[in-house]
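*Asks:* Protein chains in written order, with our numbering: chain A, 1 to 218; chain E, 1 to 110.
What follows is a structure written as C-alpha cells; I'll ask about it next.
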Amino acid sequence: MTHKAETMDPQGPPHVHHMDATTAYGAAKLGMWLFLATEILLFGGLFCAFALFRWTYLEEFHQASKHLNVWMGATNTVVLLISSYFAALAVDAAQHGNNKKIVTYLSITMLCAVGFLVIKYFEYSSKYHHGLSPLNVEFNSPEFNAAYKCFFGLYYCMTALHGLHVIFGMAILGWVISKARKNRFSERYYTPVEVGALYWHLVDLIWIYLFPLLYLVG
Amino acid sequence: MSHHEHNETDSHDNSHGNGLGHIIPKSVYALVLGALIILTVITVAIAQVDFGNWNIIVAMLVSSVKATIVALFFMHLKYEDPFTWIYAVIPIFLLIVLIAGVFIDNPFRY
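This is how it looks when you write it as C-alpha cells:
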C-alpha cells in the first residue's frame with residue numbers, strides 16, 4: 001500500500017500529515033473489510049445453527065417456512081438490491097466530487113431502508129396474530145411443536161439481527177448525508193461515503209442468503 | 001454481462017487520474033442491478049418446483065452468484081488489492097470450516 005501512495009499521492013510530499021490521503025483512504029477501506037469479515041462470522045454462527053437444525057428437523061422446517069410470506073420476503077429482497085444500487089451510485093457521485101448527487105442517491109437508499117423495515121414490521125405483526133412469535137402465550141407452551149419453536153427462534157434471531165444492521169446502516173448513511181450537505185467530500189476525499197456504502201452492501205449481502213434460506217427452502 | 005470490454009481498457013489508474021478508487025461506468029451498476037433482480041426471480045421460481053434436496057443447493061448457488069457480483073462490482077472488490085481479497089475470502093473459509101466441523105461432530109453426539 002505504501003508503494004502505491006508514493007506514486008499516486010495527490011497532495012505532494014506526505015511530511016505534513018500523519019498519513020497521505022491515498023494511504024489513509026486505503027487503510028480505512030481495508031479496516032472496513034476486516035470489520036465486514038467479523039460481521040460475516042457473526043451471522044455465520046447463526047447460519048451454522050440454522051443448517052444443523054434444518055438437517056435435524058427437515059420436514060418440520062419445511063412446513064414452518066411455509067408460514068412466511070414469500071412475496072413480502074421477495075419484495076424486501078428487491079428493495080434492498082435497489083438500495084444497494086443507489087449506494088453504489090452515491091460512491092460514483094463522490095468519485096466525481098458531486099455532493100448534491102451523494103445526498104440524492106443516499107436519500108433514495110434510506111427511503112428503501114425505511115420501506116424494508118415497514119414491510120418487516122407487517123411480517124412480524126402478522127406472525128404475532130397467527131400465534132407464531134415468542135410474545136404469544138401458546139408459542140411458549142410445552143405443547144407447541146419444538147421444531148417450530150426452533151425454526152421461528154432462528155427466524156427472529158437472524159432477521160432481527162439483520163434488522164438492527166439496517167437501522168445501524170441508516171444511522172451511518174444519515175451521518176454521511178449530513179456531511180455531503182455541507183459539501184465535505186471531493187474526488188480526493190470521500191472515505192466515509194465509500195466505507196458507509198461498503199457496510200450497506202454487507203446488509204444487502206446477508207439478506208441475499210437469509211431470504212431463500214428462511215422463506216423458500218426452509 | 002458486458003463488463004468484459006471494460007476490463008482490458010481500464011487499468012488500475014482510472015480515467016480521472018487524481019481520483020482514489022476505481023471508477024466503474026454507471027452502466028455496469030445498472031446491469032448488475034438487472035442481473036440481481038433476474039436472479040431473485042429465478043430463485044423464487046425454482047423454489048416452486050420440488051427437487052428434494054437439490055432445492056437448497058440450487059438456492060445457495062444462486063445466492064452465491066448474487067453475493068459474488070455484489071462484492072465484485074458494488075463493493076469494488078474486483079479492483080482491490082490482494083490484502084482486501086484475503087479479508088474477503090478468509091471469513092468464507094472459516095465459515096466452511098465451522099459448518100463442516102459441526103456436521104462431522106453431530107452424528108457422534110447421540
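Glycine included, each C-beta is placed from N, C-alpha and C at the ideal position.
All values derive from a computational prediction rather than experimental measurement.
1) What are the residues of the stretch 64 to 75 of chain E that lie near chain A, defined by any Cβ-Cβ distance shorter than 9 Å?
2) Can you list, in chain order, the stretches of the beta strand (DSSP E) that have 3 or more residues and sit fully within the stretch 73 to 123 of chain A?
3) Any C-beta of chain A sitting closer than 9 Å to the C-beta of F108/E?
4) Using a beta-carbon distance cut-off of less than 8 Å, what residues from the stretch 76 to 92 of chain A approach chain E?
5) Check each candidate in T56/A, I167/A, T191/A and L210/A and name the one with the smallest Cα separation from K21/A.
6) Just the Cα atoms here: how many angstroms apart are L72/E and K66/E?
7) Closer than 7 Å, Cβ to any Cβ of chain A: which residues of the stretch 29 to 54 of chain E, in chain order?
8) Please name the residue, chosen from V32/E, G21/E, H22/E and L94/E, that lies closest to F86/A on a Cα-to-Cα basis.
9) Quick check: what's the CA-CA separation for G26/A versus W33/A?
10) Select from I167/A, Y189/A and L154/A the residue whose C-alpha is nearest the C-alpha of F47/A.
11) For a quick check, are the C-beta atoms of I102/A and A94/A less than 9 Å apart?
12) Whose C-beta lies closer than 6 Å to the C-beta of T77/A among residues of the same chain, with five residues either side of it excluded?
13) Rounded to the nearest angstrom, what separates A132/A and C157/A at their Cα positions?
14) Run down chain A in chain order and give the residues with a C-beta less than 8 Å from the C-beta of Y87/E.
15) Using the beta-carbon count (16 or more within 10 Å), is W55/A buried or exposed?
16) For V97/E, is the classification buried or exposed, using 16 other Cβ atoms within 10 angstroms of its Cβ as the cut-off for buried?
17) Taking I108/A as the reference, which of F144/A, L80/A, H129/A and Y215/A has the closest Cα?
18) Closer than 9 Å, CB to CB, is E80/E near chain A or not?
19) Counting Cβ pairs closer than 8 Å, one from the stretch 119 to 139 of chain A and one from the stretch 198 to 209 of chain A, do we hit at least three?
20) Can you tell me whether DSSP reads S186/A as helix, strand or coil?
21) Output, in sequence order along the chain, the residues in the stretch 93 to 106 of chain E whose CB is closer than 8 Å to any CB in chain A.
22) Using the Cβ count rule (16 or more neighbours within 10 Å means buried), how would you classify E194/A?
23) If you measure from the beta carbon of F211/A to each beta carbon in chain E, is any gap under 9 Å?
24) Against chain E, with Cβ distances strictly below 9 Å, would I208/A count as a contact?
25) At 8 Å on the CB atoms, spell out the chain E contacts of I40/A, in chain order.
26) Classify I167/A as buried or exposed, calling it buried when 16 or more other Cβ atoms lie within 10 Å of its own Cβ.
27) Please go through the same chain and pick out, in chain order, the residues whose beta-carbon is closer than 6 Å to the beta-carbon of F53/A, but skip the five residues on each side of it.
28) Evaluate contact between the stretch 19 to 26 of chain E and the stretch 70 to 89 of chain E, counting only Cβ atoms and requiring at least three cross-stretch pairs below 8 Å.
29) Identify whether N145/A lies in helix, strand or coil by the three-state DSSP scheme.
30) Work out the CA separation of Y57/A and S2/E for me, nearest whole Å.
31) Which class does E80/E belong to by DSSP, given the choice of helix, strand or coil?
32) Nearest-angstrom Cα distance between A64/A and A146/A?
33) Does any residue of chain A have a CB that is nearer than 9 Å to the CB of A59/E?
34) Quick one: Cα of D105/E to Cα of G45/A, how far?
35) To the nearest angstrom, report how far apart P238/A and Y148/A are at their CA atoms.
*Replies:* By the coordinates alone:
1) Result list: S64, K66, A67, V70, A71, F73, F74 and M75.
2) If only uninterrupted beta strand (DSSP E) runs of at least 3 residues are considered, none is enclosed by the stretch 73 to 123 of chain A.
3) No, no contact with chain A.
4) T77, V78, L81, I82, S84, Y85, A87, A88, L89, V91 and D92
5) One point to set straight first is that residue 21/A is Ala, not Lys, in the sequence displayed. With distances taken between Cα atoms, A21/A lies closest to T191/A.
6) Cα-Cα distance, rounded: 10 Å.
7) Y29, L33, L36, I37, T40, T43, V44 and A47
8) V32/E
9) Take the alpha-carbon of G26/A and the one of W33/A: they are about 11 Å apart.
10) L154/A
11) yes
12) F211
13) Contrary to the premise, residue 132/A reads as Leu rather than Ala in this sequence. Taking the straight line from one Cα to the other gives about 14 Å.
14) Neighbours of Y87/E in chain A, taken as residues at a C-beta separation under 8 Å, are given in chain order as L30, W33, L34, L36 and A37.
15) exposed
16) Exposed.
17) L80/A
18) Interface with chain A (9 Å Cβ-Cβ cutoff): E80/E is included.
19) no
20) strand
21) L94, L95, L98, I99, V102, F103 and N106
22) buried
23) yes
24) yes
25) P91, I92 and L95
26) exposed
27) Cβ within range, chain order: C150.
28) yes
29) Three-state DSSP puts N145/A in coil, outside helix and strand.
30) With a pLDDT of 40 at S2/E, under the threshold of 50, the modelled position of this residue cannot be trusted; read the value that follows with caution. So the alpha carbons of these two residues sit roughly 43 Å apart.
31) coil
32) 11 Å
33) For A59/E, a Cβ of chain A is located within less than 9 Å of the residue's own Cβ.
34) 16 Å
35) Because chain A is modelled from 1 through 218, residue 238/A falls outside the range shown and cannot be assessed.
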